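Residue numbers (this note's numbering): 11 to 322.
Okay, structure coming up:
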């Protein structure tokens, strides 16, 4: 099953549906969760005209989803509605305008089923510049040769959150109750929740997914994502996960994410990084456990920078 939220703009939706029509699976269930097309200057029949060219696609009408960039809450709701209606043994979430090379879904599905994995993740290419997303390909070092591994939230926090680069076993999502929570970092929360529950995940080989220029990714990562936003995202993910994540586990995830964001580097590549985290952990974890914010401003916490030995 492929779930595609659409804000009513027929152009990007047709790009995605055309790419899906070129896949090599005998049965693909495509669920378009759509808003009214009128506000894009298209007539009320615009989406119907597009869907008429792809008769195997099902349309689920929704309330106002808003634009994928301006209203991520609407996108989360649309994905959840599509997931609730999905009947395939695997589920892929695409944004309107995202595309996959011919045969990609068949390859993904085959790998997922053969491995018996909960989910698989692939690389992405951004439509606006055609290059690999920096948050993805740099994180695959050391994972290229792994056919399968047991993920955890620490691994998930290092992978890009966008769901278009992943395939999930539907039974896994149903068993765990994982859904998209409202908010601009909802996909990140799903990634962490999935890794918290999964016993096995796989690295999907090329081809890469091309992410549309106006997709959720730009809205999520365009603004500086500092410690406060990361803290809120990790807390949200912990609430979404149906497995226990105590304050210490949450705090360590958060600290590592802060390190990588502030230092613009791989935490594990810094020989002093683990020691600094261990030294900082008691103070910060205690504050997290008490429900305190640990940053006085939304972007750069002076105390964190001091603890981690980073220049002001």
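Positions of the beta carbon are idealized from the N, C-alpha and C atoms, including for glycine.
No experiment lies behind these values; they were computed from the predicted model shown.
If you measure from the CB of residue i, is any heavy atom of the ligand ADP nearer than 6 Å?
i           : result
residue 205 : In the structure shown, the ligand ADP is absent, as is every other ligand, since no ligand is present at all.
Leaving out five residues before and five after residue i in sequence, what residues of the same chain have Cβ atoms less than 6 Å from its Cβ?
i           : result
residue 176 : 129, 131
residue 173 : 103, 197
residue 94  : none
residue 115 : 33, 35
residue 182 : 128
residue 189 : 90
residue 29  : 109, 110
residue 112 : 32
For residue i, which residues does DSSP report across the bridge?
i           : result
residue 130 : 177, 212
residue 186 : Note: residue 186 sits in no beta bridge, so no partner.
residue 71  : 44
residue 12  : 40, 102
residue 206 : Answer is none; residue 206 lacks a bridge partner.
In its own chain, which residues sit with a C-beta less than 8 Å from the C-beta of residue i, not counting the 5 before and 5 after it?
i           : result
residue 100 : 11, 118, 119, 122, 123, 177, 178, 179, 180
Thinking residue i and residue j are a contact (beta carbons under 8 Å), I'd like their distance in whole angstroms, please.
i           : j          : result
residue 60  : residue 20 : 5 Å
residue 200 : residue 92 : The pair is not a contact, with the Cβ atoms about 13 Å apart (cut-off 8 Å).
residue 43  : residue 96 : Between residue 96 and residue 43 the Cβ distance is about 11 Å, and since that is not below 8 Å, they are no contact.
Could you name the residues of the same chain whose beta carbon sits closer than 7 Å to that of residue i, not counting the 5 residues immediately before and after it, in chain order?
i           : result
residue 153 : Confidence is the limiting factor: at residue 153 the pLDDT is only 43, short of 50, which leaves the residue's position unreliable, though a coordinate-based value still follows. Hits under 7 Å: 213.
residue 31  : 64
residue 25  : 107, 109
residue 98  : 11, 39, 180
residue 62  : none
Between residue i and chain C, is there a C-beta pair that is closer than 7 Å?
i          : result
residue 71 : Among the protein chains of the structure shown there is no chain C, as only one such chain exists.
Inter-stretch contact at 8 Å, needing at least 3 Cβ pairs: the region 125-132 / the region 36-43: With fewer than three CB-CB distances shorter than 8 Å, the region 125-132 does not count as touching the region 36-43.
Inter-stretch contact (C-beta, 8 Å, three-pair minimum) for the region 63-70 and the region 103-110: no
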